[in-house]
Amino acid sequence: MRLFDTLTRADRDLSPLDGATFRFYCCGPTVYGPAHIGNFRTFVLQDVLRRTLETGGLRSLHVRNITDVDDKTIRDSQKAGQSLADFTAGWTAQFHADCERLDCLPPHIEPRAVEHIPQQIAMIEALVAKGHAYVGGDGSVYFKISSFPGYGRLSHLDERELDLGKTQNARANADEYEKDSISDFALWKARRAEDGENFWAAPWGEGRPGWHLECSAMIQEYLGESFDLHSGGVDLVFPHHENEIAQSQCACGGNFAAHWFHITHLLVDGGKMSKSLGNLYTLQDLADRGFSPMEVRYVLLGGHYRKPLNFTLDSLSGAREALSKIARATRQLAARIEGTPRFDAVEFGPFQAAWDSLQNDLNTPGALGGIFTGLREASTLSGEAAAKALAALNRVLRALGLTLPEETTTETIEVPVAIQALADERWQLRLAKNWAKSDELRAALAAQGWLVKDAKDSYSLTPI
Ligand code: AMP
Ligand code: ZN
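Position 242 (the sequence shown) corresponds to 543 in the numbering used here; numbering is contiguous.
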């Protein structure tokens, strides 16, 4: 399989360094609220990468951390009046439940930052001892970026209009900082009154680790100094991943990640998601509008990971139709198999193009297109040929992590896109308790021949 690598800017083959297991790390969620569907674009694509490698016969070791101590988790746990541990435990459980609903495979190892404080302190000690870090006047410890000539290679700082010389004397204590500031960053943050009870003892005084350091320390613990692939959303390229490389290579030597996989952001209605614009959707928000997690997953697979993907509620209705079309054609294919043919499922047959799309830079929209053309091609097959085609299709679906909807009595009814859009609009009005307007749309739907039935979490449409 080939995949674009952010560092070399080239498509490169993926094969395990140790010849046996593909060992990779994904930056996990910061657990201070529910993850949004943008976060899930990244987690779903990472899941498809793993599933594709495994479907192709590779073994994998997937490590993904939980960020349960940083500026945001501390701030919001205090706002909620909860201990940091209780607060983050609740959001971690919610994250796990959402991942399960989306059928994302759980990582093999899921380390939590708070449970790895000694490893983080040891890494800072190594950096101080080697002259890559210093204790600032405020009692915090900073990484000295001028001590690492490789700083900026991943994010191509040399090609950006940033003057490394001019800005490197600045220091950043916040976990996240501006994309255009290059600065020595905090490895250890001295205890402040606003941290409350969240501090640990260290050789430089009480405090807590910086966000960038936690991944470096947990990677060292579970994957060592060189491993196959590192991944996150594009916003993590700078400064987070740049800082991880600096810390890890300076403290431990080694090459760190052999490959960098970054997922471009999901947009909503053409723009950035934000709470204030009211367009930040969680999985639950979409369930409340009647959409299933599989429909969300299908939408997230509908764009290539290197391009922005624009999410709309209409795209979810489209996903519903597409999934039920695939399900119907798959049932018809299964019905044409006679007996229980025996064969080794090694070829992809009509689904070769779908599989090749995944092998070629994880082209998920290409794979979805390939499923439709494959199903058309397979529509003339029967007997053993149909059985082989079905096995191949199931492998592609497994790589994509798609489960097809069961047959329902309403499934054979095609709801026109305009009707679906009107019904969705009505459902949203209803959620907003705008009963008058929602009744108006119910009447409009009835006038066009469609009856709406509301349930607790969703609605159904039936022709009158
Ligand atoms: P966070 O919980 O903020 O640390 O983010 C978890 C993951 O989601 C990281 O890999 C982020 O880069 C990624 N992410 C954040 N926003 C988006 C978005 N709009 N689209 C895709 N990935 C995102
Ligand atoms: Zn990280």
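Glycine residues also receive a C-beta, built at the ideal position from the N, C-alpha and C atoms. On a predicted model such as this, the values are computed, not experimentally measured, just so you know.
Continuous beta strand (DSSP E) stretch holding residue i: start and end
{"i": "L567", "result": "L567 to V569"}
{"i": "H363", "result": "R360 to R365"}
{"i": "W489", "result": "D485 to A491"}
{"i": "V442", "result": "V442 to F444"}
{"i": "H513", "result": "Where H513 is concerned, there is no enclosing beta strand (DSSP E), although the alpha helix (DSSP H) it sits in stretches over W512 to L524."}
{"i": "D755", "result": "W751 to D755"}
Residue i - DSSP class collapsed to helix/strand/coil
{"i": "G572", "result": "strand"}
{"i": "N664", "result": "coil"}
{"i": "W561", "result": "strand"}
{"i": "L762", "result": "strand"}
{"i": "I546", "result": "helix"}
{"i": "D369", "result": "coil"}
{"i": "I638", "result": "coil"}
{"i": "A434", "result": "strand"}
{"i": "E303", "result": "The question names Glu, but residue 303 is Arg in the sequence shown. Correct three-state label for R303: strand."}
{"i": "S532", "result": "strand"}
{"i": "R413", "result": "strand"}
{"i": "G382", "result": "coil"}
{"i": "S527", "result": "strand"}
{"i": "G619", "result": "helix"}
{"i": "R643", "result": "coil"}
{"i": "G508", "result": "strand"}
Where the alpha helix (DSSP H) containing residue i begins and where it ends
{"i": "A475", "result": "No alpha helix (DSSP H) contains A475, which DSSP labels as neither H nor E."}
{"i": "K734", "result": "Note, K734: premise wrong, no alpha helix (DSSP H); not H, not E."}
{"i": "W656", "result": "Q653 to Q660"}
{"i": "D589", "result": "L584 to D589"}
{"i": "Y259", "result": "Beyond the ends of the chain as shown, which are 302 and 765, falls residue 259; an answer cannot be given."}
{"i": "H397", "result": "L385 to R402"}
{"i": "N611", "result": "First-last for N611: L610 to F612, but that is the beta strand (DSSP E), not the alpha helix (DSSP H)."}
{"i": "A430", "result": "I418 to A430"}
{"i": "L346", "result": "I338 to T356"}
Close-in-space but distant-in-sequence residues of the same chain around residue i (CB under 6 angstroms, 5 per side omitted)
{"i": "G329", "result": "R365, N366 and I367"}
{"i": "G320", "result": "none"}
{"i": "A518", "result": "H417, Q420, Q421 and M424"}
{"i": "T393", "result": "V332 and I367"}
{"i": "P335", "result": "Q395 and T583"}
{"i": "G684", "result": "E639"}
{"i": "F560", "result": "Sequence inspection shows His at residue 560; the Phe mentioned does not correspond to that position. Around H560: D306 and L530."}
{"i": "R637", "result": "S683 and A687"}
{"i": "L694", "result": "F652"}
Chain-order list of residues whose beta-carbon lies under 7 angstroms from that of residue i (same chain, five-residue window excluded)
{"i": "S759", "result": "G591"}
{"i": "R351", "result": "S361, H363 and L406"}
{"i": "Y443", "result": "A434, Y435, G437, R472, D485, F486, A487 and L488"}
{"i": "C553", "result": "Q521 and E526"}
{"i": "T322", "result": "R360, S361 and L362"}
{"i": "P408", "result": "H363, V364 and R365"}
{"i": "E708", "result": "R632"}
{"i": "A475", "result": "D372"}
{"i": "S356", "result": "Reading off the sequence shown, one finds Thr at residue 356, where the question assumed Ser. Hits under 7 angstroms: R696, R699 and A700."}
heavy atom of ligand 3 below 7 angstroms from residue i C-beta
{"i": "G533", "result": "Ligand 3 is not part of this structure, which contains only ligand 1 and ligand 2."}
Residues of its chain near residue i, where Cβ-Cβ distance is below 8 angstroms and the 5 sequence neighbours each way are ignored
{"i": "N580", "result": "V569, D570, G572 and M574"}
Counting only runs of 3+ residues fully inside the stretch 306-336, write out the beta strand (DSSP E) ranges in chain order. 311-314 and 322-327
Report all residues for which the CB-ligand distance to some heavy atom of ligand 2 is below 5 angstroms; order them along the chain. C328 and C516
Alpha helix (DSSP H) segments (min. 4 residues) lying fully within the stretch 668-724: 684-701
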